[in-house]
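Reading through the structure tokens given below for one structure.
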Amino acid sequence: MSNTGASANQALDVDVGTFSATQKLNGTTMQLVFTGEADAAALTLMETFLLGIHSLAQDNGVKEVALDLRKVSFMSSSCFTKMIGWVTRVREVPEPGRYRIRIQSSQSSLWQRRSLHALQCFATELITIES
Amino acid sequence: MKQDKLAAYFELRFRPNVELVSVVRRFVSAFYERIVHDLDVTERLAMVTHELLENAVKYSSDGETLLSIEVEQVGGPRNVLVRTKNRTTAENRKIVTEAFNEANAAKDTFSHYQELMKRASTRTEGSGLGLGRIRAEADMSVAYAIDGEELTVDARTTIPAAVAS
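Protein chains in written order, with the numbering used here: chain A, 1 to 131; chain B, 132 to 296.
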């Protein structure tokens, strides 16, 4: 199933007040922007969002997903687990259909330096961190 | 006397839920900022407080948790202790004991964290990452004690001496 319509794409976006996630599909690249605090309030919607993103990326032959985390001030380990789950799902896709993940991070944020380093080590072949 | 060494002390007894944990994290962040004057240290301590409280919510049998934070100074560097105390079931005490035994047996903190991340990728409930994250990302040592039904978890670190402002 192809899912390229703007309204269908925007339907994935989430906003719980303290956290929001948006996505924009542009050909074979996709831009995700997370903003706020990723904690219990964001947990379920973040998981749903990342599941939707993965399907959308596969349906549209996406080659790269750029995830902007620069405006995320905190992420709990529960939410971090949802990111790990997403990365694991991408790894399980056979190579021709697999997309790379490029994470835009803030060097001034300690959680981003530490957690994203750990995430990159978890899937070095898949993840690039930019700061 | 220990009290003479205390640069700052904070204690909160409450019934946290997952939403309240974030409220407390923001509150203690302001407390840490005033005490440590270092953004990285503040972020580390706030993250550790959040992870300990989320675990307390998960493992408490009656919902009540005591959070205490101590900053102790003798001369130069300061010792920081973040402690949670709550009652737990026998089953949860066993889970916590096993998690600590495994963490303490691990030769390398970061490799152990990577192993926990691998397991977390298939979990549907909880993360199982909190303890590993405190050790690997916040560079804090973690210990636990069980007294009857009461579980105490301590996270400790040493931070640089306060900079005169």
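Beta carbons: idealized from backbone N, C-alpha and C, even for Gly.
Coarse secondary structure for residue i, derived from DSSP in three states
| i | result |
| --- | --- |
| Leu91 (chain A) | The amino acid occupying residue 91 (chain A) in the given sequence is Arg; Leu does not appear at that position. Reduced to three states, the DSSP call for Arg91 (chain A) is helix. |
| Ala66 (chain A) | strand |
| Ile84 (chain A) | helix |
| Ser77 (chain A) | helix |
| Ser160 (chain B) | helix |
| Thr196 (chain B) | strand |
| Leu143 (chain B) | strand |
| Ser7 (chain A) | A caution first: Ser7 (chain A) carries a pLDDT of 49, below 50, which makes its placement in the model unreliable, though a value can still be read off. Reduced to three states, the DSSP call for Ser7 (chain A) is helix. |
| Leu212 (chain B) | strand |
| Arg98 (chain A) | coil |
| Glu203 (chain B) | strand |
| Ser2 (chain A) | Summary for Ser2 (chain A): the model assigns pLDDT 44, below 50, so the residue's position carries little reliability; its value from the coordinates is reported in the next sentence. Coil. |
| Ala267 (chain B) | helix |
| Ala293 (chain B) | coil |
| Arg165 (chain B) | helix |
| Val16 (chain A) | coil |
| Leu137 (chain B) | strand |
| Gln107 (chain A) | coil |
| Met132 (chain B) | The pLDDT assigned to Met132 (chain B) is 46, lower than 50, so where the model puts this residue is not dependable; a value taken from the coordinates is nonetheless given after this. Coil, per DSSP. |
| Asn148 (chain B) | coil |
First through last residue of the alpha helix (DSSP H) which encompasses residue i
| i | result |
| --- | --- |
| Asn223 (chain B) | 221 to 236 |
| Val179 (chain B) | 170 to 190 |
| Thr240 (chain B) | 240 to 251 |
| Ser115 (chain A) | 110 to 122 |
Cross-chain neighbours of residue i in chain E, by beta carbon under 8 Å
| i | result |
| --- | --- |
| Tyr244 (chain B) | Absent here is chain E; the protein component of the structure consists of chains A and B. |
First and last residue of the uninterrupted beta strand (DSSP E) at residue i
| i | result |
| --- | --- |
| Met30 (chain A) | 29 to 38 |
| Leu25 (chain A) | 19 to 26 |
| Ala286 (chain B) | 281 to 290 |
| Thr128 (chain A) | 127 to 130 |
| Ser272 (chain B) | 272 to 278 |
Beta-carbon neighbours of residue i, restricted to chain A and to distances below 9 Å
| i | result |
| --- | --- |
| Glu203 (chain B) | Here the premise fails: no neighbours, minimum Cβ distance about 23 Å. |
| Gly194 (chain B) | The contacting residues do not exist; Gly194 (chain B) stays about 15 Å from chain A at best. |
CB contact flag (residue i, residue j, <7 Å)
| i | j | result |
| --- | --- | --- |
| Ala40 (chain A) | Val149 (chain B) | yes |
| Val179 (chain B) | Ala234 (chain B) | no |
| Phe74 (chain A) | Glu37 (chain A) | yes |
| Glu143 (chain B) | Glu203 (chain B) | The sequence given here places Leu at residue 143 (chain B); Glu does not occur at that position. Contact: no. |
| Ser77 (chain A) | Ser258 (chain B) | yes |
| Thr240 (chain B) | Ala267 (chain B) | yes |
| Tyr140 (chain B) | Glu201 (chain B) | yes |
| Gly194 (chain B) | Ala292 (chain B) | no |
| Phe34 (chain A) | Val72 (chain A) | yes |
| Thr288 (chain B) | Lys216 (chain B) | no |
| Arg42 (chain A) | Val16 (chain A) | Reading the sequence as shown, one finds Ala at residue 42 (chain A) and not Arg. Contact flag set, yes. |
Partners in chain B for residue i, counting only beta-carbon separations shorter than 7 Å
| i | result |
| --- | --- |
| Gly85 (chain A) | Ser252 |
| Glu37 (chain A) | Ser153 |
Chain A residues whose Cβ lies nearer than 8 Å to that of residue i
| i | result |
| --- | --- |
| Ala267 (chain B) | Arg114, Ala118 |
Neighbour list for residue i in chain A, Cβ cutoff strictly below 7 Å
| i | result |
| --- | --- |
| Glu182 (chain B) | Ser77 |
| Arg264 (chain B) | Ser77 |
Amino acids of chain B, ordered along the chain, whose beta-carbon sits closer than 8 Å to that of residue i
| i | result |
| --- | --- |
| Thr88 (chain A) | Ser252, Thr253 |
Chain B residues whose Cβ lies nearer than 9 Å to that of residue i
| i | result |
| --- | --- |
| Phe80 (chain A) | Met248, Ala251, Ser258, Leu260, Arg264 |
| Ala66 (chain A) | Correct list: empty, because the minimum Cβ distance to chain B is about 22 Å. |
Is the stretch 261 to 272 of chain B close to the stretch 177 to 195 of chain B, with three or more CB pairs under 8 Å?
-> Taking a cut-off of 8 Å for Cβ pairs, the stretch 261 to 272 of chain B and the stretch 177 to 195 of chain B touch, as three or more such pairs fall below it.
Sufficient close CB pairs (3 or more, under 8 Å) joining the stretch 159 to 167 of chain B to the stretch 101 to 112 of chain A | Two segments are said to touch when three or more pairs of C-beta atoms, one from each, lie closer than 8 Å; by this definition the stretch 159 to 167 of chain B does not touch the stretch 101 to 112 of chain A.
Are the stretch 250 to 257 of chain B and the stretch 223 to 234 of chain B touching, with three or more C-beta to C-beta distances below 8 Å?
-> Segment contact: the stretch 250 to 257 of chain B against the stretch 223 to 234 of chain B, fewer than three CB-CB distances shorter than 8 Å; contact not assigned.
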